[in-house]
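Visitor: Structure provided below as structure tokens; questions to follow.
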Amino acid sequence: MKKTIHSCTAGVALAIILFSLSCAPRHESRAPDPSVVVAHSDGLVSRTADVSVVLTTGRATPMPERAQPFKFDPPLKGTVVWNADGSRADFRPDAPLAPGRAYHVVFDFSEIGEPSNGWFSFDIFAAEPNISVKPGDLYAAWNDTLALDGIVRVEDVPASADVERLVSAAVGALDLPISWSHEEGGLHRFTVKDVPRSNAAGELVLSWNGTPVGARIKDSRSYRVPASGEFEVLSVRGPEAGEPSCVTVSFSEPVDRDQDLRGLIDAIGAGTLRYETDGGLVRMYASLDWSDEVNITVEKGVRSRNSGVLAIPVQARVSFDWEKPEVRFPAGGVIVPSTQGTRVILETKNLAKVYVEALRVYGDNMLQFLQVNDLDGGQELKRVGEVVWSSEIDLAWTDDRKNQWTPYALDLSPLLAKHPDGLFQLRVAFSHDYIRYVCKNDHPKAGSWKFPPAAIIERDSGDSSYWDYYEEYFDWNEYYRYRDDPCHPAFYVVRYGRDRTARRNVLVSDVGIMAKRDADGVWLVAASDLKTARPLPGASARIYNYAMRELASGVADRDGLVQLKPSDLSSSEPTFLVVA
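Be aware that the sequence shown starts at 1, since it is given in our numbering, and climbs by one per residue.
The structure is reproduced here in structure tokens:
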């Protein structure tokens with residue numbers, strides 16, 4: 001089975017793929033030699049992703065800067081970047097790939113001085129941008145105007161300026177300005193401010209169109225804009241995923257913050273209520289857990305800051321949806337002193353069980369691991385380690401944990417008892433059988449589905465077995481539509497960045513080092529005991545270059561200090577690693 005590197009973060013309709021293939025010219029194809037090629041890009045790829053080839057062994061000499069082993073049809077301009085040991089080549093296009101375009105790729109070994117290895121080929125397809133727009137609710141701001149917030153999530157849209165071209169807002173013939181804030185991970189927030197009000201009720205139309213960035217999405221949503229001076233309820237909603245658990249009532253004017261809202265805004269069966277007023281928004285928090293559906297009443301008598309009084313009561317039914325199951329490691333360092341014990345904190349949401357495994361990077365492979373990784377990295381792990389421990393862990397689910405991040409102490413003592421040294425990557429995954437989630441979508445094929453198991457796939461291994469398993473049952477369109485639905489098998493397929501696995505590297509060690517090089521190229525290394533923060537006399541220290549050749553070594557004195565002087569100070573060769 002071939003190994004492929006899937007770096008795409010967006011789906012593309014099957015019809016587009018078939019069209020591209022049918023219109024593409026015929027090319028001579030050749031499969032890679034598995035004794036030479038470990039993995040390569042294949043299939044759908046991100047428009048901005050590298051096109052990569054991973055080879056079984058590194059190159060003894062640096063690659064020529066002008067070497068261009070990648071040949072594309074249609075042609076692409078870009079640069080080739082090699083990793084430190086020459087085992088991985090990444091082609092980086094000068095410009096994003098054309099959305100929906102098919103490319104035939106040839107990797108020619110003769111271009112890097114290895115004609116005996118011949119050439120091989122593969123095909124890639126540039127994904128169309130994936131865009132989702134979530135408009136919010138109209139609300140009254142403190143300056144007596146109306147405003148509207150919303151969120152745009154995008155994948156494969158290279159520039160923030162392109163995102164801002166997607167959304168427009170208008171009241172009648174008047175186009176309204178939109179302000180934006182752009183966050184990491186393809187999240188973009190927008191606000192339509194100063195929505196005008198007149199003597200008669202009007203309509204705000206929010207529209208979005210993906211045509212400017214090559215996405216096939218077009219839709220709109222209309223909002224009633226009350227007349228000036230009218231005080232009424234605009235909307236009642238529950239929380240969005242990741243927001244505090246509350247009910248939000250939106251009014252057409254700022255609400256009087258000094259009034260007692262008890263009895264005026266109520267939720268049946270929610271216990272004691274606490275109110276928070278922010279302009280025209282009133283957030284209501286409950287002392288008891290919210291049920292899946294809650295009846296909300298807003299009575300006549302609620303006052304606005306401008307002395308208006310609500311004349312028409314409102315009743316609404318709010319759903320508290322289940323949030324998607326997740327697992328994560330809280331932020332923490334890689335090096336864990338033995339005094340911290342053998343427990344690592346794991347956090348889960350809406351999960352009753354998880355699958356955990358540990359991959360060990362053997363001590364004598366650490367130099368090779370660090371050639372392409374920092375201590376918290378995870379590239380090319382199959383070269384330097386293997387899975388040495390796995391377990392299914394019951395999390396003792398209770399209903400009060402719904403939508404809550406719940407900490408769990410992961411006990412590593414069974415792992416460390418057998419494998420006391422080396423670097424470990426802990427990986428935690430889950431399957432459909434492990435989740436706690438209420439499915440709302442009516443899937444007619446649900447009874448015939450076969451869900452993937454809880455399995456770990458290396459991020460860069462190109463292991464396509466998970467995807468091959470999936471393709472036996474579903475087409476591309478169905479996967480794209482339901483990839484974020486925990487009730488569908490597509491949610492659990494490691495593809496297009498939808499990796500539900502949590503990872504954390506752990507190096508159990510009591511040795512801390514600090515190193516500094518002076519102007520003459522001499523290194524001063526300080527070794528200390530992390531348990532006591534005292535110097536560590538007798539610690540041995542070594543420095544290496546990128547070729548893993550030892551440049552100098554020494555033993556720390558009673559103050560934990562040692563000077564390391566490379567044998568050839570005139571060399572411009574950079575120091576790669578200091579080890580103690």
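Just so it is clear, CB atoms sit at the ideal spot from N, CA and C, and this is done for glycine as well.
Among Trp208, Leu524, Gly78 and Gly280, whose alpha-carbon lies nearest the alpha-carbon of serine 235?
Guide: For serine 235, the nearest C-alpha among the options comes from Gly280.
Visitor: Quick check: the stretch 385-395 against the stretch 358-369, are at least 3 beta-carbon pairs closer than 8 Å?
Guide: Yes, they touch.
Visitor: In the structure shown, what three-state DSSP assignment does aspartate 484 receive?
Guide: In the structure shown, aspartate 484 sits in coil (DSSP, three-state: anything other than H, G, I, E or B).
Visitor: With a threshold of 8 Å, are at least 3 pairs of Cβ atoms found where one atom belongs to the stretch 111-119 and the other to the stretch 211-220?
Guide: No: fewer than three Cβ pairs fall under 8 Å.
Visitor: Going by DSSP, which residues form a beta bridge with isoleucine 131?
Guide: Partner(s): Val154.
Visitor: Along the alpha helix (DSSP H) that carries aspartate 278, what are the first and last residues, could you check?
Guide: Run containing aspartate 278: none in the alpha helix (DSSP H); it sits in the beta strand (DSSP E), 273-278.
Visitor: Residues bridged to glycine 78 by DSSP?
Guide: Pro93.
Visitor: Can you tell me which of the three DSSP states tyrosine 408 falls into?
Guide: Strand, per DSSP.
Visitor: Cβ atoms of leucine 273 and arginine 257: under 8 Å apart, would you say?
Guide: Against a cut-off of 8 Å, the Cβ pair of leucine 273 and arginine 257 comes out as no contact.
Visitor: Pick from Asn295, Glu386, Ile312 and Gln404: whose alpha carbon is nearest that of arginine 328?
Guide: The option with the nearest alpha carbon to arginine 328 is Gln404.
Visitor: So does the stretch 364-381 actually touch the stretch 397-417, counting three or more Cβ pairs closer than 8 Å?
Guide: Result no; under three Cβ-Cβ pairs closer than 8 Å.
Visitor: If you drop the 5 nearest sequence neighbours on each side, which residues of the same chain put their C-beta closer than 8 Å to that of serine 228?
Guide: Excluding sequence neighbours, serine 228 sits near Arg197, Ser198 and Asn199.
Visitor: With 16 as the cutoff for other CB atoms within 10 Å, does methionine 514 come out buried or exposed?
Guide: That one is exposed.
Visitor: Taking only three categories from DSSP, how would you classify tyrosine 362?
Guide: Coil, per DSSP.
Visitor: Looking only at C-alpha atoms, which of Val38, Ile268, Trp142 and Ser319 sits nearest to proline 254?
Guide: Residue Trp142 is the option with its Cα nearest to proline 254.
Visitor: Going by CA-CA distance only, name the one from Val195, Lys134 and Lys531 that's closest to valine 167.
Guide: Closest by alpha carbon: Lys134.
Visitor: Relative to the C-alpha of glycine 538, which candidate in Leu530, Val555 and Tyr546 has its C-alpha closest?
Guide: It is Val555 whose Cα lies nearest to the Cα of glycine 538.
Visitor: Quick one: using the 10 Å Cβ neighbour count with 16 as the cut-off for buried, is glutamate 128 buried or exposed?
Guide: Buried.
Visitor: Measuring only from the beta carbon, is threonine 532 closer than 7 Å to any heavy atom that is part of the ligand FAD?
Guide: Inclusion of the ligand FAD in the displayed structure is not the case, the ligand content being empty and no account of it being possible.
Visitor: What residues match up with glutamine 259 in a beta bridge as DSSP calls it?
Guide: For glutamine 259, which the question treats as bridged, DSSP gives no partner whatsoever.
Visitor: Within 10 Å of its beta-carbon, does glutamate 232 have 16 or more other beta-carbons around it, so buried, or fewer, so exposed?
Guide: It counts as buried.
Visitor: Let's test the definition: count the other Cβ atoms within 10 Å of the Cβ of asparagine 505 and tell me whether it reaches 16, buried, or not, exposed.
Guide: So asparagine 505 counts as buried.
Visitor: Can you give me the C-alpha to C-alpha distance between valine 36 and phenylalanine 125, rounded to a whole angstrom?
Guide: Those two C-alpha atoms are separated by around 24 Å.
Visitor: Quick check: the stretch 484-492 against the stretch 520-529, are there 3 or more CB pairs under 8 Å?
Guide: The answer is no - the stretch 520-529 does not touch the stretch 484-492, with fewer than three Cβ pairs under 8 Å.
Visitor: From the DSSP output, read off the bridge partner residues of leucine 206.
Guide: In DSSP, leucine 206 forms a bridge with Ala169 and Arg221.
Visitor: According to DSSP, simplified to helix, strand and coil, what is serine 413?
Guide: Helix.
Visitor: Just reading off the alpha helix (DSSP H) that glutamate 380 is part of, what are its end residues?
Guide: No alpha helix (DSSP H) holds glutamate 380; DSSP gives it neither H nor E.
Visitor: If I'm right that tyrosine 434 touches lysine 353 with Cβ under 8 Å, what's the distance once you round it to whole angstroms?
Guide: About 4 Å; that satisfies the 8 Å criterion.
Visitor: Return the CA-CA distance between leucine 21 and alanine 455, expressed in angstroms with no decimal places.
Guide: With a pLDDT of only 36 at leucine 21, under the threshold of 50, the placement of this residue in the model should not be trusted; the figure read from the coordinates follows. Distance between the alpha carbons of leucine 21 and alanine 455: 32 Å.
Visitor: With C-beta atoms as the reference, is lysine 77 less than 8 Å away from aspartate 108?
Guide: Taking 8 Å as the Cβ cut-off, lysine 77 and aspartate 108 do not qualify as a contacting pair.
Visitor: Once the 5 residues before and after arginine 221 are set aside, which same chain residues still bring their CB inside 7 Å of it?
Guide: Answer for arginine 221: Pro135 and Leu206, listed in chain order.
Visitor: Who are the near neighbours of valine 336 in its chain, counting only those whose CB is closer than 8 Å to its CB and skipping five residues on each side?
Guide: Once the five neighbours on either side are set aside, the close Cβ partners of valine 336 are Val344, Val506, Leu507, Val508 and Ser509.
Visitor: Between aspartate 162 and the rest of its own chain, which residues show a CB-CB distance below 7 Å, the 5 nearest in sequence each way excluded?
Guide: Result list for aspartate 162: Pro212 and Val213, in chain order.
Visitor: Between which two residues does the beta strand (DSSP E) containing serine 160 stretch?
Guide: Run containing serine 160: none in the beta strand (DSSP E); it sits in the alpha helix (DSSP H), 160-164.
Visitor: Going by DSSP, name the residue or residues bridged to arginine 237.
Guide: Its beta-bridge partners are Thr248.
Visitor: Run the CB neighbour count on glutamate 606, radius 10 Å, all protein chains shown included, and call it buried at 16 or more, exposed below.
Guide: Lying outside 1 to 580, the shown extent of the chain, residue 606 is not represented and no answer is given.
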